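Heads up, the thing below is written out as structure tokens.
Numbering (the UniProt record's numbering), first residue to last: 1 to 466.
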């Protein structure tokens, strides 16, 4: 159920993401985890459901939406530009403006900590003949936006104001008529690809995105579902050419958002490392561009049974039965990174209990997430006695089966929700407890995390701030 505070968020505009007072938390070695859980809706699909529903003509009804701070910020932005968004029981009902009919917002769009929301919305509004200002919290304001702004500039978008190196706050001014482009994505990034495809919605002609390495394809699937004319061709070398026809009519849809595979990673890894555990994770998204973590864990010897595989809203979903397993180290190739970029922190926790060495390659993208995730993971592991080596774009973890001697440290989370949740998972199987310096930001992506994990038997508790 949505809290009164979250309802206020959507009804009365932006709120601060969380209080500036840190909320430390601690996890300790737990008995076997048991039970069935349903993780919150997929974050990527939830952002796009609000965005495309807010843009389409007519009504969009959404069930299973992730009701975290990040997604609600996207909802706030769409409301500020003319969409109507309200909650009706367990559904969200969106009345869209019609494609091409967004209004200039009267105030800056405050995205809090939402990197996906801000980058995709820059694409959405950049090609409108209006001025829009984007702001965010301290963490988001450190994150580079140039990768999205560069193709938008080619389409005629002016960056009127920005901090050094294209960081927030940023003000965009759109052209009277945007120009279609052919853009080759320089590094695998679903956000950059999506920003260009979304910018094309208000651009005449054919816009083409060339993607050498496939990334999550929710934008392509969902835009097609809303009525956009979009085609994907893959050449003999595996390079994808995505062409979208500008200025389509988009029509409201009914969307059931499947469970977020990134959020599923936390109870999944916890069940693998806590002896005796047997957990079922229901309604997990199994889109092939998002299942790198499951594939990697299975290579490590994880017992993950895929049950009741089915289709929901054009996406593959299934239930996962996960049992405690003896894991062994593997090398995770760089070309797998796009399908699990958000799951490396929790994979590193599994690697801490695996026999031998786990080597993760191609992690440069982790340097520009909510924090420098690569350094944050390595520092947190070392603080808890885990032997690891951080490279420029690699992480090697040498595990201790059973967790003997591990734990006892405090982890600096750097306002990063995935760092916070990953290290709380680590502490469930280490010999000594693991403390994180702040858990407040977990609400951005997984507000139910604490209740869901403790409901399975996890020993996690909030600590009083000093």
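All C-beta atoms in this analysis are idealised placements derived from N, C-alpha and C, irrespective of residue type, glycine included. Source: prediction; values computed, not measured.
Next item on the list: Give the DSSP-derived three-state secondary structure of residue 389 in the structure shown.
Entry: strand
Margin query: Taking a contact to mean a Cβ-Cβ separation below 8 Å, would you say residue 116 touches residue 47 in this structure?
Written below: yes
Notebook entry, point to check: residue 435 bridges to which residues according to DSSP?
Noted result: 26, 410
Notebook entry, point to check: Which residue from 191, 187, 153, 168 puts its Cα closest to that of residue 180?
Noted result: 153
Item checked: Neighbour-count burial assignment, residue 460, 16 or more Cβ in a 10 Å radius -> buried
Margin query: Looking only at its chain, what residues have a beta carbon closer than 6 Å to the beta carbon of residue 452, apart from the 5 residues adjacent to it on each side?
Written below: 37
Item checked: Through-space distance from residue 317 to residue 311, alpha-carbon basis -> 6 Å
Item checked: residue 461, DSSP secondary structure in three states -> strand
Next item on the list: Report the residue ranges of all beta strand (DSSP E) runs contained in full by the stretch 305-390; include only those spanning at least 3 residues, in chain order.
Entry: 315-323, 357-360, 387-390
Next item on the list: Taking only the alpha-carbon atoms, compute the straight-line gap between residue 41 and residue 208 and give it to the nearest angstrom.
Entry: 30 Å
Notebook entry, point to check: Using the C-alpha atoms, what's the distance from residue 374 back to residue 429?
Noted result: 22 Å
Notebook entry, point to check: Does the stretch 340-350 come close enough to the stretch 421-435 that 3 or more CB-CB pairs lie under 8 Å?
Noted result: yes
Note to self: Quick check: what's the CA-CA separation for residue 156 versus residue 123?
What the structure shows: 12 Å
Next item on the list: Could you tell me which of 92, 359, 210 sits nearest to residue 71, measuring between CA atoms?
Entry: 92
Next item on the list: Measure the Cβ-Cβ separation of residue 53 and residue 252 and say whether it is below 8 Å.
Entry: yes
Note to self: Can you look up residue 281 in the DSSP assignment and give me helix, strand or coil?
What the structure shows: strand
Check: Whole-angstrom Cβ separation of residue 109 and residue 133, contact assumed at under 8 Å?
Finding: 7 Å
Notebook entry, point to check: Unbroken alpha helix (DSSP H) runs of length 4 or more, entirely within the stretch 23-111: which are they?
Noted result: 43-55, 69-80
Notebook entry, point to check: Are there 16 or more other CB atoms within 10 angstroms of the CB of residue 240, so buried, or fewer, so exposed?
Noted result: buried
Check: residue 395 lies in the beta strand (DSSP E); which residues open and close that run?
Finding: 395-398
Notebook entry, point to check: Opposite residue 182 in the DSSP bridges: which residues?
Noted result: 208
Checklist line | Neighbourhood of residue 193 by C-beta, 8 Å cutoff - its chain only, sequence neighbours within 5 removed | finding: 185, 209, 211, 215, 219, 242
Next item on the list: Throw me the rounded Cβ distance for the residue 378 and residue 395 pair, which I believe falls under 8 Å.
Entry: 6 Å
Margin query: At the level of alpha carbons, what is the spacing between residue 78 and residue 221?
Written below: 21 Å
Margin query: Beta-carbon within less than 7 Å of residue 294's beta-carbon, same chain only, minus the 5 sequence neighbours each way: which residues are those?
Written below: 304
Margin query: Which same chain residues end up closer than 7 Å to residue 254 when comparing Cβ atoms and leaving out the 5 residues on each side of it in sequence?
Written below: 61
Note to self: Considering only their Cβ atoms, is the gap separating residue 266 from residue 421 smaller than 8 Å?
What the structure shows: yes
Check: Can you tell me whether residue 369 is buried or exposed, with buried defined as 16 or more other CB within 10 angstroms of its CB?
Finding: buried
Notebook entry, point to check: Whole alpha helix (DSSP H) runs in the stretch 119-198 with 4 or more residues, listed along the chain?
Noted result: 146-154
Notebook entry, point to check: Considering residue 234, what are the terminal residues of the beta strand (DSSP E) in which it resides?
Noted result: 230-234
Next item on the list: Taking the CB atoms as reference points, tell me whether residue 82 and residue 66 lie closer together than 8 Å.
Entry: no
Next item on the list: Spatial neighbours of residue 403 within its chain, please: CB distance less than 7 Å, with the 5 preceding and 5 following residues excluded, ordered by chain position.
Entry: 353, 429, 430, 431
Check: Among residues of its own chain, excluding the 5 on either side of residue 131, which ones have a beta-carbon nearer than 6 Å to its beta-carbon?
Finding: 173
Item checked: Endpoints, the alpha helix (DSSP H) within which residue 269 is located -> 261-273
Next item on the list: Find out if the Cβ-Cβ distance for the pair residue 149, residue 111 is shorter than 8 Å.
Entry: no
Note to self: Considering just the uninterrupted stretch of the alpha helix (DSSP H) at residue 294, what are its terminal residues?
What the structure shows: 292-299
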